[in-house]
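Visitor: Below is a structure I'd like to ask you about.
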Amino acid sequence: MLDNARSRLIICNKSIAYGDYMKNSVREREILNLLADRDQVSVSELAEHLGVSEATVRRDLQTMEEQGLLQRIHGGATRVGIGRHEPFFQDKMAQNRQAKESIARKALELIEENDHIYLDGGSTVLCLARLLDQFRSLTIVTNSLMVAAELMETTHDLILVGGQFRSLSRTLVGPLTQPIIEALHVDKAFMGTMGFTAEDGMTTTDFNEAFTKERIMERAGQVVLLADSSKLGKTSFVRSGRAADVDILITDKVPSEEFMEAMRRVHVKVILAGAEQRDSILHEI
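So the sequence shown is numbered by the working numbering: it starts at -12 and just counts up by one.
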């Protein structure tokens, strides 16, 4: 929640509450100040911070976008110049939810009791974390605060990788994660992505996020990518791993033949979620 201490102005020794009395120019300056500190802000956060309705915030954002001051995205706004925009985490959880849950159930079939696994900060991976209470003894490494919160009351051994907090994905990322990751080896790493192609591999929006993803895949016996069909054939801003780094891709719809041929070339096993075991493997290495 944004600091409410910033929600008042002192003008001529008189306290004037933010809200309908605040001029558009003052609200715009506050919005730009917030965007200077963060990648993105949501409409609801801005409405609370400024003391105005969400409808007023949306009108302000539309005006500011027309002036080239920011870029509107679903549920909020981002700074101009940030490419390949990433949705807020709560929005990602709501998108393609049924597909993500189906993919998570299929991924669960790859886990065995006493496995050492890594769960990254993807929304589909969080769906998988919510299914792990059927096991008694796993060692789970994660950089996701959402995953850690989900698993903190279980009987599993939980290792949280330290690093720089990234609010957009609610993960710990960057070079500070490297010493811990390099000291570990996991049987399987379950990864999410913003986009995946044979040419560009896994891609994301943030350099530090990409750094941590690449480091953990170097320390995994098997890399399992959980990606619904909306991610396939798409690219984002920063490469976070080569396609050849992925051993298994689990997705929810049969990809195009062109995509499947590309996966054959880079030796990625493709598994279809929601199918019976005998029908689920679309491409065997």
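Think of the CB as a built atom: it goes at the ideal place given N, C-alpha and C, for glycine as much as any other residue.
To the nearest angstrom, report how far apart leucine 19 and leucine 56 are at their CA atoms.
Guide: Within the sequence shown, numbered from 1, the residue matching residue 19 stands at position 32. Within the sequence shown, numbered from 1, the residue matching residue 56 stands at position 69. Between leucine 19 and leucine 56, the C-alpha separation is close to 8 angstroms.
Visitor: Beta-carbon separation of glutamate 201 and serine 156 under 8 angstroms?
Guide: Taking the sequence shown and counting its residues from 1, one reaches residue 201 at position 214. Taking the sequence shown and counting its residues from 1, one reaches residue 156 at position 169. No. Outside cutoff.
Visitor: Could you check the C-alpha separation between serine 124 and leucine 118 for me, to the nearest Å?
Guide: Counted from its first residue, the sequence shown places residue 124 at position 137. Counted from its first residue, the sequence shown places residue 118 at position 131. Approximately 13 angstroms between the Cα atoms of the pair.
Visitor: With arginine 182 and lysine 240 assumed to form a contact (beta carbons below 8 angstroms), what rounded beta-carbon distance in angstroms separates them?
Guide: By one-based count along the sequence shown, residue 182 stands at place 195. By one-based count along the sequence shown, residue 240 stands at place 253. Here residue 182 turns out to be glycine, not arginine, going by the sequence shown. That belief does not hold up - the Cβ atoms of glycine 182 and lysine 240 are roughly 16 angstroms apart, past 8 angstroms.
Visitor: Scan the segment 87 to 139 and note each continuous beta strand (DSSP E) run of 3 residues or more that stays entirely inside, going in chain order.
Guide: Segments of the beta strand (DSSP E) lying fully in the segment 87 to 139: 103 to 106 and 126 to 129.
Visitor: Which runs of the beta strand (DSSP E) at least 3 residues long sit entirely within the segment 138 to 177? Give them in chain order.
Guide: Runs of the beta strand (DSSP E) inside the segment 138 to 177: 144 to 147, 151 to 153 and 158 to 160.
Visitor: Checking contacts by CB at 8 angstroms: is alanine 176 closer than that to chain D?
Guide: In the displayed structure, chain D is absent; only one protein chain is listed.
Visitor: Is the beta carbon of isoleucine 104 sitting closer than 8 angstroms to the one on aspartate 174?
Guide: By 1-based counting over the sequence shown, the position of residue 104 is 117. By 1-based counting over the sequence shown, the position of residue 174 is 187. The answer is yes: Cβ separation under 8 angstroms.
Visitor: Quick check: the Cα distance between glutamine 27 and aspartate 47, rounded to an integer number of angstroms?
Guide: Taking the first residue of the sequence shown as 1, we reach residue 27 at position 40. Taking the first residue of the sequence shown as 1, we reach residue 47 at position 60. The straight-line gap from Cα to Cα measures roughly 15 angstroms.
Visitor: For the segment 157 to 168 and the segment 207 to 214, state whether three or more C-beta atom pairs, one from each stretch, are separated by less than 8 angstroms.
Guide: Contact between the segment 157 to 168 and the segment 207 to 214 is absent, because fewer than three Cβ pairs lie under 8 angstroms.
Visitor: Tell me, please, which residues DSSP counts as bridged to threonine 222.
Guide: For the purposes of this step, residue 222 is identified with residue 235 of the sequence shown, where counting begins at 1. DSSP, once it has assigned bridges, lists no residue as partnering threonine 222.
Visitor: Determine the extent of the beta strand (DSSP E) in which alanine 207 is found, giving its start and end residues.
Guide: Against the sequence shown, residue 207 aligns to sequence position 220. Taken as a continuous stretch (DSSP letters only), the beta strand (DSSP E) holding alanine 207 covers 207 to 213.
Visitor: Tell me where the beta strand (DSSP E) around serine 29 begins and ends.
Guide: Taking the first residue of the sequence shown as position 1, residue 29 is located at position 42. Residues 27 to 29.
Visitor: Kindly list the residues whose CB is nearer than 7 angstroms to the CB of serine 31, restricted to its own chain and excluding five residues on each side of it in sequence; keep chain order.
Guide: Sequence index remark: in the sequence shown, residue 31 carries index 44 (1-based). Correct list, in chain order: Glu41.
Visitor: Just verifying my parser: in three-state terms, what is the DSSP assignment at glycine 62?
Guide: For the purposes of this step, residue 62 is identified with residue 75 of the sequence shown, where counting begins at 1. Three-state DSSP puts glycine 62 in coil, outside helix and strand.
Visitor: Taking the beta carbon of threonine 142 as the centre, do at least 16 other beta carbons fall within 10 Å, making it buried, or is it exposed?
Guide: As a position in the sequence shown, residue 142 is number 155, starting the count at 1. Looking at its Cβ environment, which holds fewer than 16 other Cβ atoms inside 10 Å, threonine 142 is exposed.
Visitor: For the alpha helix (DSSP H) that methionine 250 lies in, which residues bound it at each end?
Guide: Start at 1 with the first residue of the sequence shown, and residue 250 comes out as number 263. Element bounds for methionine 250: 244 to 252.
Visitor: Start and end of the beta strand (DSSP E) containing valine 255?
Guide: As a first step, residue 255 is located in the sequence shown; it is residue number 268 there, counting from the start. Unbroken run through valine 255: none, as it is neither H nor E.
Visitor: Near glycine 149, what residues of its chain come up, given a Cβ to Cβ distance below 7 angstroms and the 5 sequence neighbours on each side ignored?
Guide: Here residue 149 refers to the residue found at position 162 when the sequence shown is read from its first residue. Hits under 7 angstroms: Leu159, Leu163, Thr164 and Ile167.
Visitor: Quick check: the Cα distance between arginine -5 and arginine 25, rounded to an integer number of angstroms?
Guide: Position 8 of the sequence shown, counted from the first residue, corresponds to residue -5. Position 38 of the sequence shown, counted from the first residue, corresponds to residue 25. No answer about arginine -5 holds up, because its pLDDT of 35 lies below 50 and its placement is not dependable.
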